[in-house]
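Trainee: The structure's right below; bear with me while I get my questions together.
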């Protein structure tokens, strides 16, 4: 009889603790649009040049395949 009570109590405790953690889940904020790195960093300059000239690796590869 004691075993049945303890098993039931353990199941109830697990269920209650799981519901507490599931209530803590927070919604993710919406994805933000790309913005250049603040300041004059090399990364922001390189990203600007890639966009301006469109010299991305995929674009170069497709251009090379088209010329063959």
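Residue numbers (this note's numbering): 17 to 84. C-beta atoms are modelled at their ideal positions from N, C-alpha and C, and glycine is treated no differently. Source: prediction; values computed, not measured.
1. Alpha carbon to alpha carbon, how far is residue 32 from residue 47?
2. Would you please state the rounded distance, in angstroms, between the beta carbons of residue 66 and residue 72? I believe it to be under 8 Å.
3. What's the C-alpha gap between residue 62 and residue 45?
4. Do you know how far the Cα of residue 70 is from the Cα of residue 83?
5. According to DSSP, is residue 44 part of a helix, a strand, or is it coil?
Mentor: Looking at the atomic coordinates:
1. Along the chain shown, read from residue 1 onward, the residue named residue 32 stands at position 16. Along the chain shown, read from residue 1 onward, the residue named residue 47 stands at position 31. If you take the alpha carbons of residue 32 and residue 47, they lie about 33 Å apart.
2. Within the chain shown, the letter at position 50 stands for residue 66. Within the chain shown, the letter at position 56 stands for residue 72. The pair is a contact, with the Cβ atoms about 6 Å apart (cut-off 8 Å).
3. The residue labelled residue 62 in the question sits at position 46 within the chain shown. The residue labelled residue 45 in the question sits at position 29 within the chain shown. The straight-line gap from Cα to Cα measures roughly 28 Å.
4. Sequence index remark: in the chain shown, residue 83 carries index 67 (1-based). Sequence index remark: in the chain shown, residue 70 carries index 54 (1-based). If you take the alpha carbons of residue 83 and residue 70, they lie about 17 Å apart.
5. Numbered from 1 along the chain shown, position 28 holds the residue referred to as residue 44. Reduced to three states, the DSSP call for residue 44 is coil.
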